[in-house]
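Quick notes on the structure that follows.
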Amino acid sequence: MAEIRLTRMEQGQTKIKNVPIAVTPEGFWCCPSPVVFQKSLKAQNPLNKPKPSSPPPKTSVQKKPVSVPVYERRTAAAAPSRLVLSDDQQCSTAPERPPPPTSSVAAAERGPRPKIESLPKKVAIEFGEPGTCDMKVILLGKQGFCVKLSVHRNVLTEKSSFFSEKLSEQSGLSCLQIGDCEDVEIYVETVGLMYCKEMKQRLMKQSVSRILRILKVAEFLGFGSCIQSCLEFLEAVPWVGEEEEEKVVSTVLQLQAEGIGVNPVLKRVSSDISNVPKDTLSQIIDLVLKSNEERGRREMKSIVLKLLRENNSLPSYARTTDICNDTIYKSCRSCLESLLALFKQAADPSEKRDPLAKCIALEADNLTWLLEILVDKQAGDEFAAMWANQQELAVLHAKLPTVLRYCVSCLSGRLYVGIGRGELLPSKETRRLLLQTWLQPLMNDYNWLQHGCRSFDRKVVEEGIGRTILTLPLEDQQSILLSWFQSFLKSGDSCPNLQRAFEVWWRRTFIRPYVDNLGNVGVSDSSILAKEHD
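Numbering (my numbering), first residue to last: 1210 to 1743.
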């Protein structure tokens, strides 16, 4: 450990405090954080106010500033700073302690004390060994302290294009001042890194956020080897959380805009292959559909569905909607073909049906999961049409035991619920065909669904069926509901309860015509409509 002088300047009076700092293996410094400086000041005076018993300062004389040229470097990606070039005389002759007070100064001392916040700087720090160095760099920070670095000209010109350019403009320059530094701590550390032979090891224990700060200053100083080391660090280290990832990507993209090669870092979040989304999504869906392990399959289905829902929340121009839909419908057709083959195999009396039960349930579950994805994407109308046209599958359904076929009726119920909620908007012909093909098989399996299927919600399905029926023309409503009426009288609770839909159809058929023809006879249209929605 080495020591630095921490100077507290208050109306010309200087107080020195020794603060330990870490020194790199190469013999240079590692800048303490600004919090150390602030704590040091508070330890001297917790209220940050002058003590009433302290004597008045003996001096307030300041040397008149020497006129020097000012150069400004404005870079969007770097911390804004103001550069001042100074000759050797100005830097080397600046007294560390002011001269004894004169009479005019003594008179000024009797005036009111200036406010603490109006003083120019609070903390002054020096790094390096002036006896072995041939140049000074002064950093003026916005945090309320300044730093003087004793450095070597050849090191700065070799490592930094910024310093090389400024020092070549004035060959005899021995002092360079950078003002309004937003991150003095990182400026000091970056200059210190110019002395490091193994920069990778020096950066390994740093956090990602600190590396981004170093990268910003290194880009401003034109410190190429540091920029490369920071990019290698960012390419290899994990990024924790979405917020940190966004910071890394935005910083790296700024460097890319300035012509700095950053592709290895960006490859973590982007790919050069154009068809990756389609091929990868197809592979992921196939893996889930072919899985037989119950827990892993259930969890991966949930994760994929959640991620696809997040994708649906993006603006339309940022989605791959058509590619995704084509991939999902391709999987739907494959599952339907497999389900039909299994039904044909199960309908054969010579086949053993026990192994087929799990396969049929698996394919039906696959189709239900794919339907959920399409519903979230508002693209399930085609699925409804595909399922409504599975007449061969519906015929085979009647030939199988209920234990093998009931899971297929769950899929039909989900379609009715989707139509009843407005999640699906198939055509009138599709809705009619869907009810004609699959409503009777569902009623045949209804008793088993209520008692043997834990995921089956009777009230939700009954409401969906009723609303789907009521979307059809009145004649179709009558045909379907009278058939249900007959089945319900025979089966009771073993049949869906569609009484609410039946009441709406009844009012539409027997009450509304008279209201329309006779006008207000005690029952208004609004009251009928209200009852339809009860």
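Glycine included, every Cβ here is placed at the ideal spot set by N, Cα and C. Just so you know, these numbers come straight off a predicted model, no measurement behind them.
Straight-line Cα distance separating residue j from residue i
i            : j            : result
residue 1512 : residue 1521 : 14 angstroms
residue 1505 : residue 1608 : 33 angstroms
residue 1708 : residue 1595 : 29 angstroms
residue 1724 : residue 1695 : 29 angstroms
residue 1548 : residue 1572 : 6 angstroms
residue 1685 : residue 1706 : 18 angstroms
residue 1315 : residue 1342 : Unreliable positioning characterises residue 1315 in this predicted model, as indicated by a pLDDT of 36, which lies under 50. The coordinate reading is nonetheless provided below. Spanning the two alpha carbons is a distance of roughly 38 angstroms.
residue 1382 : residue 1425 : 26 angstroms
residue 1665 : residue 1519 : 27 angstroms
residue 1533 : residue 1720 : 48 angstroms
residue 1703 : residue 1679 : 22 angstroms
residue 1503 : residue 1662 : 16 angstroms
residue 1612 : residue 1560 : 16 angstroms
residue 1435 : residue 1421 : 11 angstroms
residue 1394 : residue 1409 : 19 angstroms
residue 1645 : residue 1669 : 20 angstroms
residue 1406 : residue 1433 : 14 angstroms
residue 1539 : residue 1419 : 48 angstroms
residue 1437 : residue 1449 : 21 angstroms
residue 1415 : residue 1459 : 19 angstroms
residue 1340 : residue 1362 : 14 angstroms
residue 1488 : residue 1479 : 15 angstroms
residue 1610 : residue 1726 : 52 angstroms
residue 1636 : residue 1647 : 16 angstroms
Residue burial classification, residue i (beta-carbon count within 10 angstroms, cutoff 16)
i            : result
residue 1462 : exposed
residue 1770 : Outside the modelled stretch of the chain, which goes from 1210 to 1743, sits residue 1770, for which no answer is possible.
residue 1627 : buried
residue 1599 : buried
residue 1781 : Look at the range of the chain in this structure, 1210 to 1743, and you will see that residue 1781 is not part of it.
residue 1641 : buried
residue 1622 : buried
residue 1457 : buried
residue 1605 : buried
residue 1368 : buried
residue 1603 : buried
residue 1510 : buried
residue 1682 : exposed
residue 1629 : buried
residue 1508 : exposed
residue 1467 : exposed
residue 1474 : buried
residue 1654 : buried
residue 1583 : buried
residue 1197 : Residue 1197 is absent from the model: the chain starts at 1210 and stops at 1743.
residue 1579 : buried
residue 1496 : exposed
Beta-carbon spacing of residue i, residue j below 9 angstroms
i            : j            : result
residue 1555 : residue 1562 : yes
residue 1336 : residue 1356 : yes
residue 1714 : residue 1690 : yes
residue 1551 : residue 1565 : yes
residue 1536 : residue 1494 : yes
residue 1718 : residue 1687 : yes
residue 1423 : residue 1387 : no
residue 1366 : residue 1376 : yes
residue 1698 : residue 1677 : no
residue 1345 : residue 1385 : yes
residue 1589 : residue 1620 : no
residue 1391 : residue 1351 : yes
residue 1427 : residue 1399 : yes
residue 1396 : residue 1364 : no
residue 1674 : residue 1615 : no
residue 1431 : residue 1380 : no
residue 1464 : residue 1442 : no
residue 1451 : residue 1417 : no
residue 1471 : residue 1490 : no
residue 1581 : residue 1514 : yes
residue 1618 : residue 1650 : yes
residue 1567 : residue 1517 : no
Strand pairing of residue i, partner residues [DSSP]
i            : result
residue 1358 : 1336, 1346
residue 1552 : Residue 1552 pairs with nothing; no bridge assigned.
residue 1371 : Partner(s): none; residue 1371 has no beta bridge.
residue 1432 : 1369
9 angstroms Cβ cutoff, residue i in contact with chain B
i            : result
residue 1646 : Within the model displayed, chain B is absent; a lone protein chain is all it includes.
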